[in-house]
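Residue numbers (this note's numbering): 2 to 269.
What follows is the structure in structure tokens.
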């Protein structure tokens, strides 16, 4: 017979053993978030994935969510404000940083994947590496396990394979790809008729989720609450400022009217 001490040891060993990795998962309702530099092709990539022009390819100041049926799955995509290519996170406007964090609340209970978009026709230097790393740290270290590098404008590669491109770009890009667990994909944004490139991406996402034991990325609820409270306070102050500005303009207009009346009487 097992002693009480042995039973406790067995129970602890059972509780603490790691969850088994899944061989494959099918995600009927897939949630994605697009991240990246400004003009990195996030909106175009979202349109390519959904096979329709639903995202507007212009500066995104607030998060935008679009959804559609793709290859037997209901896919929801959240596009986020981009940041300038080589600038540190300290130079990114606070509202943009808040939007990036709040994007998580638009795909509850959390995204299956974060697609970090990079253009293959633009270099990726040490400065860009630092910028990406700092902006990804707006979340936490766990985010990398749920991220895939999505190369856009794949038609610019020509006969060059994406692997050759990664090797030729040097250490900065190689570091990023490795940080994302060597997960990457190429999209030709000009060829919406090639459904195979999207199917392959969805399969890569499902493979990653299986490696994550079926888990999606969950934002820290405390962080989300703090960001929402901060945003609410900013909106309240902005409304008060706008009201004060309207009152000032009204007073100025009234004063000008009185001055004109006085001037009219003086000239009589």
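Here a beta-carbon is modelled for each residue, glycine too, at the ideal position from N, C-alpha and C.
Report the rounded CA-to-CA distance for residue i versus residue j, giving the unit in angstroms.
i           : j           : result
residue 3   : residue 64  : Only weak support exists for where residue 3 lies, its pLDDT of 47 falling under 50; the value from the coordinates is given anyway. Rounded to the nearest angstrom, the two C-alpha atoms are 58 Å apart.
residue 198 : residue 192 : 9 Å
residue 201 : residue 148 : 16 Å
residue 260 : residue 248 : 18 Å
residue 241 : residue 231 : 16 Å
residue 121 : residue 172 : 15 Å
residue 125 : residue 50  : 24 Å
residue 116 : residue 205 : 12 Å
residue 279 : residue 203 : Absent from the model: residue 279. The displayed extent of the chain is 2 to 269, so no value can be given.
residue 244 : residue 133 : 38 Å
residue 66  : residue 48  : 12 Å
residue 110 : residue 103 : 12 Å
Contact check, residue i vs residue j under 8 Å by CB: the rounded distance?
i           : j           : result
residue 217 : residue 112 : 6 Å
residue 31  : residue 79  : That belief does not hold up - the Cβ atoms of residue 31 and residue 79 are roughly 12 Å apart, past 8 Å.
residue 150 : residue 177 : 6 Å
Would you call residue i buried or exposed, if buried means 16 or more other Cβ atoms sit within 10 Å of its Cβ?
i           : result
residue 162 : exposed
residue 256 : exposed
residue 154 : buried
residue 223 : exposed
residue 82  : buried
residue 250 : exposed
residue 57  : exposed
residue 221 : exposed
residue 37  : buried
I'd like to confirm the pairing. Which residues does DSSP put opposite residue i in its beta bridges?
i           : result
residue 153 : 120
residue 71  : 74
residue 186 : 151
residue 37  : 118
residue 79  : 34, 66
residue 84  : 38
Checklist entry - Where are the alpha helix (DSSP H) runs, 4 residues long or more, that stay fully inside the segment 92-119, in chain order? => result 95-103
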